[in-house]
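Single-structure report; data block below.
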Amino acid sequence: MEPIIQFEHVWFRYQVDEPDPPWVLKDIRLNIDPGEYVSIVGNNGSGKSTLARLANGLLLPTKGRVMISGMETSSEQDIWQIRRTVGMVFQNPENQIVATSVEDDIAFGLENIGVPPLQMEEKIKNAVKAVGLEGFEHHEPHTLSGGQKQRLAIAGVIVLEPDVIIFDESTSMLDPVGRKTILEIMQSLNRRGKTIIHITHSAEEAFMADRMIVMHQGECKLDEATGRLYQEAMRLKEWELDVPLEIELWDRLRQKGWPLPDKIINKEELVSEIWRLLSRT
Amino acid sequence: MNGFIVGMYLPGDSFVHQLDPRAKLGFAFIFMFMVFFADRLLACAIFLAFVLVAIHIAKVPYRLFFTALKPIIFIILLSSLLHLWMTKGGEMILAFPGITIYEEGIRQAGIISIRLLLLVAIASLLTFTTSPVDLTDGMESLLSPLRKIGVPAHELALMMSIALRFIPTLWEETEKIRKAQMARGIDFEEGHILKRLKKHLPILIPLFISAFRRAEDLALAMEARCYRGSEGRTKWRQLHYTRRDLWLLLILILLGMVLLIFRH
Ligand SMILES: Nc1ncnc2c1ncn2[C@@H]1O[C@H](COP(=O)(O)OP(=O)(O)OP(=O)(O)O)[C@@H](O)[C@H]1O
Ligand SMILES: [Mg+2]
Chain A
1 MEPIIQFEHV WFRYQVDEPD PPWVLKDIRL NIDPGEYVSI VGNNGSGKST
51 LARLANGLLL PTKGRVMISG METSSEQDIW QIRRTVGMVF QNPENQIVAT
101 SVEDDIAFGL ENIGVPPLQM EEKIKNAVKA VGLEGFEHHE PHTLSGGQKQ
151 RLAIAGVIVL EPDVIIFDES TSMLDPVGRK TILEIMQSLN RRGKTIIHIT
201 HSAEEAFMAD RMIVMHQGEC KLDEATGRLY QEAMRLKEWE LDVPLEIELW
251 DRLRQKGWPL PDKIINKEEL VSEIWRLLSR T
Chain B
1 MNGFIVGMYL PGDSFVHQLD PRAKLGFAFI FMFMVFFADR LLACAIFLAF
51 VLVAIHIAKV PYRLFFTALK PIIFIILLSS LLHLWMTKGG EMILAFPGIT
101 IYEEGIRQAG IISIRLLLLV AIASLLTFTT SPVDLTDGME SLLSPLRKIG
151 VPAHELALMM SIALRFIPTL WEETEKIRKA QMARGIDFEE GHILKRLKKH
201 LPILIPLFIS AFRRAEDLAL AMEARCYRGS EGRTKWRQLH YTRRDLWLLL
251 ILILLGMVLL IFRH
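The following block contains the structure:
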């Protein structure tokens, strides 16, 4: 299977007035297959957003190349197809909404790519349903809650039927309820075959993905299936990242001499192991 | 939304609501133009009567128009006073030391007040009864013939739509910053006008910075959603004129005749 996203030795730096701007991304090699659910973590300024922007041609590599479904992002005639293939949801829900009503905002993307007006109704309806905003079609954006606004932003992206959706810290400004809904939408989109890339600062959210990529000072430091990452998750501290609470607990209990297995693959397994130990004493 | 009603839309299904936005925009534009030629008190009164009837048909509460008028009441008062003071002619009505009020002065003051009132009322009626989407679509459609001579119709309409979209957001933000500054002990009500204006600087600066941030974010989000100007773009909403819109034409002709009949 051909990867849907390919970074081939990508180097990137912003064009600023300084004589020798620093490299923001250094020699990134990355393949993402269709249908994957990937999380990207890394501390502030490690280049995550830059990486995301390179993936749909909002930025172009300084060296190397980025291929999306076999199309190179620097090709001017393919760029629109690339942006339709890779959709992007940003951090601040407020600043992604263009139009003065929910349905008109969803229509915005369709209008941009020149969909005939008569075909739009159906597509808009489906997008509204996919994010659970039924009944809000005529609402003005400022009357929506933060979580609803972010769902609207997602609807505006999925209506273009992209194969890949990148969420750049899209949950970070929401309350716990809003956050949970967005995470559920991500999972359901992934089940329906979309490739999901989730950039986040939350270790817990990152471990919901199947694969995790750690960025540090512009380099890709770790790229591993989350199932396998569980036992070496304490390594995340090397890059000043958070570790999910259950892993922290598992590690500390083991250091205290509890006979826990040295391999756990998820939270449920850890809980049942602890129960077993507790019920034995 | 406490008292902020510029560009506010009141959903409804009155006759006025159902008119085509292009017809309404065109009407409002020509009406405003005509108001400048209404230089007789009687003509002004007829125009005013028409607007009152229109407001009634649109089922918009009158009190909203008073709120809309509030910001310009000062201007209306000032210009009326100037007319009372400066305009001479006709009979002398009142004479104080230093100021004499003539009949003509009262007439002119009345005319100028009604004219300003008419302008605000018709503009408010337009936004109260036309959704922002229709308003900007209508504008785009009316301006599109001018594209040939270089008027960026689509861009102007989009700009207006984004402005309408962000007015409530920025307004909310203003309130938030205001409260934050008040919590730090700034009293916005105290002092003379210059001093008070100066006190608003700590609101304006953060507001501007945040607005620029938002603009940058929005531009990026639009680009990610395949925006590339008007080229190759379709419109979801299609506008249709109906027989109703002919009424506006008829009214314009009648009002035009009023102007002609009561000419100086
Ligand atoms: N428009 C820009 N112009 C110049 N430098 C930039 C620009 N955007 C980002 N940078 C720099 O590039 C580096 C990487 O930024 P990037 O936004 O990709 O990081 P990030 O991992 O997304 O961080 P965060 O977690 O804070 O979102 C940072 O050092 C930043 O200062
Ligand atoms: Mg970022």
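Respectively, the protein sequence lines represent chains A and B. Under UniProt numbering, think of the first position of the first sequence as 1, with each following residue one higher. Under UniProt numbering, think of the first position of the second sequence as 1, with each following residue one higher. Beta carbons are placed, not taken as given, at the ideal position from N, Cα and C, and that holds for glycine. In this text, all values refer to a predicted model and were calculated from it rather than measured experimentally.
Compare the C-beta of B:T129 against all C-beta atoms of chain A and say whether one is closer than 8 angstroms. Closer than 8 angstroms: no.
Taking 7 angstroms as the cut-off, does the CB of B:E216 come closer than this to any heavy atom belonging to ligand 2? No, the Cβ of B:E216 stays beyond 7 angstroms of every heavy atom of ligand 2.
Using only CA atoms, which one of A:W11, A:P19, A:P34, A:Y14 lies nearest to A:I5? Its Cα nearest to that of A:I5, the residue A:P34 stands out among A:W11, A:P19, A:P34, A:Y14.
Could you check which residue in B:F96, B:G105, B:M92 has the C-alpha nearest to that of B:L81? Of the candidates B:F96, B:G105, B:M92, the one whose C-alpha sits nearest the C-alpha of B:L81 is B:G105.
Find the residues of chain A that neighbour B:T169, judging by a C-beta separation of less than 7 angstroms, and give them in chain order. E94, H142, listed in chain order.
Is B:C44 helix, strand or coil when you go by DSSP? In the structure shown, B:C44 sits in a helix (DSSP, three-state: H, G or I).
To the nearest angstrom, how far is the alpha carbon of A:H198 from that of A:I40? Rounded to whole angstroms, A:H198 to A:I40 spans 6 angstroms at the Cα level.
In the DSSP assignment, find the unbroken beta strand (DSSP E) run with B:R244 in it and report its ends. No residue range can be given for B:R244, since it is assigned to no beta strand (DSSP E) and is classified by DSSP as neither H nor E.
I believe B:V16 touches B:A58 by the beta-carbon criterion, under 8 angstroms. Please report the beta-carbon distance rounded to the nearest angstrom. Sure, about 4 angstroms apart at Cβ, within 8 angstroms.
Give the DSSP-derived three-state secondary structure of A:M173 in the structure shown. The three-state reading of DSSP puts A:M173 in coil, since its state is none of H, G, I, E or B.
Does any CB atom of chain B fall closer than 8 angstroms to the CB of A:S101? For A:S101, a Cβ of chain B is located within less than 8 angstroms of the residue's own Cβ.
Note the first and the last residue of the continuous alpha helix (DSSP H) segment covering B:G110. That run of the alpha helix (DSSP H) goes 103-129.
Three or more beta-carbon pairs under 8 angstroms between the region 40-50 of chain A and the region 211-222 of chain A, yes or no? The answer is yes - the region 211-222 of chain A touches the region 40-50 of chain A, with three or more Cβ pairs under 8 angstroms.
I need the boundaries of the beta strand (DSSP E) containing B:V133, first residue and last residue. Per DSSP, B:V133 belongs to no beta strand (DSSP E); it is in the alpha helix (DSSP H), 132-143.
Measuring alpha carbon to alpha carbon, tell me which residue in A:P261, A:I265, A:N266 is nearest A:L277. If you compare the alpha carbons of A:P261, A:I265, A:N266 with that of A:L277, the shortest gap goes to A:P261.
Using 8 angstroms as the Cβ pair cut-off and three pairs as the minimum, do the region 87-99 of chain B and the region 250-259 of chain A touch? Segments in contact, no.
Please confirm whether A:D104 has its beta-carbon closer than 8 angstroms to some beta-carbon of chain B. Cβ-Cβ to chain B under 8 angstroms: yes for A:D104.
Against chain B, with Cβ distances strictly below 8 angstroms, would A:A209 count as a contact? So, not an interface residue.
Taking the straight line between their C-alpha atoms, what separation do you get for B:R228 and B:E155? Rounded to the nearest angstrom, the two C-alpha atoms are 11 angstroms apart.
Quick one: does B:L220 have its CB under 8 angstroms from some CB of chain A? Yes, B:L220 counts as interfacial toward chain A.
Nonlocal neighbours in the same chain, by C-beta distance under 8 angstroms from B:K179, ignoring five residues either side: Counting only residues of its own chain and dropping the five nearest sequence neighbours on each side, B:K179 has no CB closer than 8 angstroms to any other CB.
What are the complete beta strand (DSSP E) segments, minimum 3 residues, inside the region 130-168 of chain A? Unbroken beta strand (DSSP E) stretches of 3 residues or longer found wholly inside the region 130-168 of chain A: 164-168, given in chain order.
Below 8 angstroms between beta carbons: does that hold for A:P141 and B:R165? In this structure, B:R165 lies closer than 8 angstroms to A:P141 by Cβ.
Which residues mark the beginning and the end of the alpha helix (DSSP H) in which A:F108 is found? Looking at the DSSP string, the run of the alpha helix (DSSP H) that includes A:F108 is 102-112.
Any non-hydrogen atom of ligand 1 within 7 angstroms of A:K26 CB: Flag unset: Cβ of A:K26 not near ligand 1.
Run through the DSSP bridge pairs and tell me what A:W11 is partnered with. According to DSSP, A:W11 bridges with A:K63.
Cβ of A:T50 within 7 angstroms of any heavy atom in ligand 1? Closer than 7 angstroms to some heavy atom of ligand 1: that describes the Cβ of A:T50.
Classify A:Q217 as helix, strand or coil using the three-state DSSP reduction. Collapsing the DSSP output to three states places A:Q217 in coil.
Residues of the region 51-83 of chain A whose Cβ lies closer than 7 angstroms to any Cβ of chain B, in chain order: When CB distances to chain B are screened at a threshold of 7 angstroms, the residues of the region 51-83 of chain A falling below it are N56, L58, W80, R83, in chain order.
Judging by CA-CA distance, which residue of B:A23, B:L25, B:I46 is the nearest neighbour of B:M257? Ranking B:A23, B:L25, B:I46 by CA distance to the CA of B:M257 puts B:I46 first.
Nearest to B:E173 (by Cα), restricted to the options B:P152, B:S144, B:I205: Of B:P152, B:S144, B:I205, the smallest CA-CA separation from B:E173 is found for B:I205.
Beta carbon of A:N112 nearer than 8 angstroms to that of A:I82: In terms of Cβ geometry, A:N112 and A:I82 do not form a close pair [threshold 8 angstroms].
Do we get a CB-CB distance below 8 angstroms when we pair A:I182 with the residues of chain B? Not an interface residue.
I need the straight-line Cα distance from A:S49 to A:G156, nearest angstrom please. For A:S49 and A:G156, the distance between alpha carbons rounds to 20 angstroms.
So with Cβ pairs under 8 angstroms, would you call A:G109 a contact of chain B? Yes, contact with chain B.
Any chance the CB of A:N44 is under 7 angstroms from a heavy atom of ligand 1? Under cutoff, so the answer is yes.
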